[in-house]
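If you count the sequence shown from 1, position 137 lands on 178 in this note's numbering, and the numbers rise without skipping. By construction, the Cβ of each residue, glycine as well, lies at the ideal position given by its N, Cα and C atoms. Just so it is clear, the structure is predicted and the values come from calculations on it, not from any experiment. Here is the structure we will look at, set down as structure tokens.
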Amino acid sequence: MQQDFNSKINDYENNRLPSKLAALRIAGEYLQTRIRNGSNPKIIYEHGVHVFNVAKIARAIARETGGEINPETAYILGLLHDVGRVKDETVTMVPHGIEGYRYLTKLGYPGAAPICLTHNFIDKDIKPGDYPTYSPALFNQTKGFLSQIEYNDYDRLIQLGDLFSRGKEILSIRQRLDKNKQFYKIKKLSYEDKAFALRDYFDDKFGIDVEKIVADEFDLTKHTNGTITIFLLPNQYAYAQERRFSLVK
Ligand SMILES: [Fe+2]
42 MQQDFNSKIN DYENNRLPSK LAALRIAGEY LQTRIRNGSN PKIIYEHGVH VFNVAKIARA
102 IARETGGEIN PETAYILGLL HDVGRVKDET VTMVPHGIEG YRYLTKLGYP GAAPICLTHN
162 FIDKDIKPGD YPTYSPALFN QTKGFLSQIE YNDYDRLIQL GDLFSRGKEI LSIRQRLDKN
222 KQFYKIKKLS YEDKAFALRD YFDDKFGIDV EKIVADEFDL TKHTNGTITI FLLPNQYAYA
282 QERRFSLVK
């Protein structure tokens, strides 16, 4: 990671980004690299679905912003956001945000690299306790990086897209947070309010319903009861899945 960041480093509209085709190749290549290096293909496949889903979510939301957010740029950044997972961070001990930043910079796309880091931190004011996988040196470098940039709507959009996607699943923010809580066996996540605030930011700024856009993009039903929103599969999808399973038996 360079130290001479300037405030325009995440100016994705004016920086040189890979084309959509190049971004698709970059995404495909790092997923294949993981499999070649012995990672479980099923896990990498599901991660690949996640990456493409985030790209699709970002593009779908961008399309509803009246031209303020470029849908293709959003799609490209979605494809690239997790490129740092080219290596297993539990083995290298280098968080995937930092790995991705280095990877895209090395590939000749420093102007796209910040998305790898910014998507991990809805809150720029990071606290060491929340990021146990960061060594003190990497934590300080990341904190320094975040303090020098201002998030723009592309950074926020990929953070938001990431919230709706978990593995192969598309979830409402409520469902996603609940799953995380179950997984980590904790009552409340520190970023819970920030996650909803991020959704509200887009809803208010562009007069849209982000959760409806995401549900529609994947042919899901958005169901709201009071303040709780969940995504439901339409019945025909459940039926189709059942049939598919009975056919492969
Ligand atoms: Fe992600």
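State the beta-bridge partners of residue i as determined by DSSP.
i    : result
T265 : T270
E210 : R207
Residue i CB to nearest chain D CB: under 8 Å?
i    : result
A236 : Here chain D cannot be found, since the structure has a single protein chain.
Could you check where the alpha helix (DSSP H) with residue i kicks off and where it finishes?
i    : result
I163 : From DSSP, I163 is part of no alpha helix (DSSP H); its letter is neither H nor E.
Y86  : 82-104
A178 : 177-189
K235 : 233-247
A68  : 61-77
R143 : 137-147
K229 : Here K229 belongs to no alpha helix (DSSP H), and DSSP marks it neither H nor E.
A256 : 251-258
I117 : 112-121
E109 : It is not in any alpha helix (DSSP H) - E109 carries neither H nor E in the DSSP assignment.
E130 : 130-133
Starting from the Cα of residue i, find the closest Cα among the options and give me that residue.
i    : options                : result
V127 : F180, N78, I271, D245  : N78
Y172 : D203, I139, L72        : I139
R215 : T270, D203, G152, T74  : T270
H160 : K61, K83, A236, T133   : A236
R217 : H137, F205, I254, D166 : F205
N94  : Q182, L212, R240       : L212
C157 : L187, H137, H91        : H137
L58  : A115, K165, T262, S188 : A115
T183 : E70, Y195, K165        : K165
F247 : E105, S231, A238, T174 : E105
V255 : Q73, I98, E54          : I98
G152 : I50, D260, L239, G267  : I50
E210 : G89, E233, S188, L120  : G89
F259 : I84, G69, P82, I102    : I102
L239 : R207, Q223, R197, N266 : R197
R207 : I199, D194, N111, N221 : N221
D203 : Y53, N111, G149, V92   : V92
G108 : Q189, Y150, Y195       : Y195
Y292 : I199, G149, V132, K147 : Because the chain is modelled from 42 through 290, residue 292 falls outside the range shown and cannot be assessed.
K61  : E54, E113, Y86         : E113
F180 : I190, L201, P169       : P169
R100 : I84, N56, D257         : D257
Please look up how many angstroms separate the CB atoms of residue i and residue j, rounded, as I've assumed it's under 8 Å.
i    : j    : result
A64  : I117 : 4 Å
V135 : I67  : With 8 Å as the limit, V135 and I67 do not qualify as a contact, their Cβ atoms being about 19 Å apart.
L145 : I167 : Contact doesn't hold; Cβ gap of about 21 Å is too wide.
V251 : D245 : Actually they are not in contact, since the Cβ atoms of V251 and D245 sit about 10 Å apart, beyond 8 Å.
A96  : G69  : With 8 Å as the limit, A96 and G69 do not qualify as a contact, their Cβ atoms being about 12 Å apart.
Y232 : I163 : 5 Å
Check your understanding: Which residues have their C-beta within less than 5 Å of a heavy atom of ligand 1, listed in chain order?
Key -> Taking each Cβ in turn, the ones that pass are D123, D203.
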